[in-house]
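Have a look at the structure below before the remarks.
Chains as they are written, first to last, in the numbering used here: chain R, 1 to 115; chain B, 1001 to 1113.
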């Protein structure tokens, strides 16, 4: 069966510090991968998605970047965090492109607080 | 721009009641709609996925319907239990292949024993 791992679960970082959140998926090949953010009082917003190694699409301009160095590894980064980067970050995967009706499967999330 | 609205924002019911959660979306050109459950501080669990060509999907005590032309979906929960307490989110996908979902802000459900 497929599993998705996301870490750390919680993180407190000062403004201006770097960020690296990691997500790995097991039990599937060539998944589509996604980073979503859930800010306080707001719905989930898609930040990045990837259909393959090194292929990243950004949905909104922001202070964050994403990378996919391996097939089942997805990393969210920032060089200098802003207060507005605080939120609940969720990694997710779905079946490869071509599976039109694949559900989205989420990790347990990382609660990021920028102080 | 697609907007997804969920009503009510919060709902409190006694155990055993049947209940309906509502979701509406402004652009009917969707490929599928998903209902998720989110427990406090946790990630999302996929409950049901309805393809745009389908009218409803069922899983156990859950039944989701889709009226694409009117931009509405409902999630029906039969015989509610305290373990059903969570936030329920609906989301629509506007692309084939990629699940670039647009989410509603959710309905927070509390089922009391």
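Note that beta-carbon positions come from the ideal geometry of N, C-alpha and C, so glycine has one too.
Check the Cβ of residue i against every Cβ in chain B and list those closer than 8 Å, keeping chain order.
i: residue 109 of chain R; result: 1041, 1042 and 1043
Can you find a CB in chain R that lies within less than 8 Å of the CB of residue i?
i: residue 1105 of chain B; result: yes
Within the 8 Å Cβ cut-off, does residue i reach chain B?
i: residue 64 of chain R; result: no
i: residue 89 of chain R; result: no
Run down chain R in chain order and give the residues with a C-beta less than 7 Å from the C-beta of residue i.
i: residue 1046 of chain B; result: 103, 104 and 105
i: residue 1034 of chain B; result: 103 and 104
If you count every other CB in all the chains shown that lies within 10 Å of the CB of residue i, and 16 or more means buried, which is it?
i: residue 1014 of chain B; result: exposed
i: residue 70 of chain R; result: exposed
i: residue 1032 of chain B; result: buried
i: residue 24 of chain R; result: buried
i: residue 1104 of chain B; result: buried
i: residue 21 of chain R; result: buried
i: residue 1091 of chain B; result: buried
i: residue 50 of chain R; result: buried
i: residue 1021 of chain B; result: buried
Beta carbon of residue i, beta carbon of residue j: below 8 Å?
i: residue 1016 of chain B; j: residue 1112 of chain B; result: no
i: residue 1034 of chain B; j: residue 1024 of chain B; result: no
i: residue 1101 of chain B; j: residue 46 of chain R; result: yes
i: residue 28 of chain R; j: residue 2 of chain R; result: yes
i: residue 1093 of chain B; j: residue 1030 of chain B; result: yes
If residue i sits next to residue j, beta carbons under 8 Å apart, how far is it from one beta carbon to the other, in whole angstroms?
i: residue 17 of chain R; j: residue 64 of chain R; result: The pair is not a contact, with the Cβ atoms about 13 Å apart (cut-off 8 Å).
i: residue 1107 of chain B; j: residue 1044 of chain B; result: Their Cβ separation, rounded to whole angstroms, is 14 Å, which puts residue 1107 of chain B and residue 1044 of chain B out of contact at 8 Å.
i: residue 1075 of chain B; j: residue 1062 of chain B; result: 7 Å
i: residue 114 of chain R; j: residue 6 of chain R; result: The pair is not a contact, with the Cβ atoms about 18 Å apart (cut-off 8 Å).
Taking C-beta pairs closer than 8 Å, name the residues in chain R that residue i reaches, listed in chain order.
i: residue 1110 of chain B; result: Residues of chain R passing the Cβ test: none, with the nearest at roughly 19 Å.
Could you work out which residues of chain B lie near residue i, taking near to mean beta carbons separated by less than 7 Å?
i: residue 86 of chain R; result: What residue 86 of chain R touches in chain B: nothing, since even the nearest Cβ is about 15 Å away.
i: residue 44 of chain R; result: 1103
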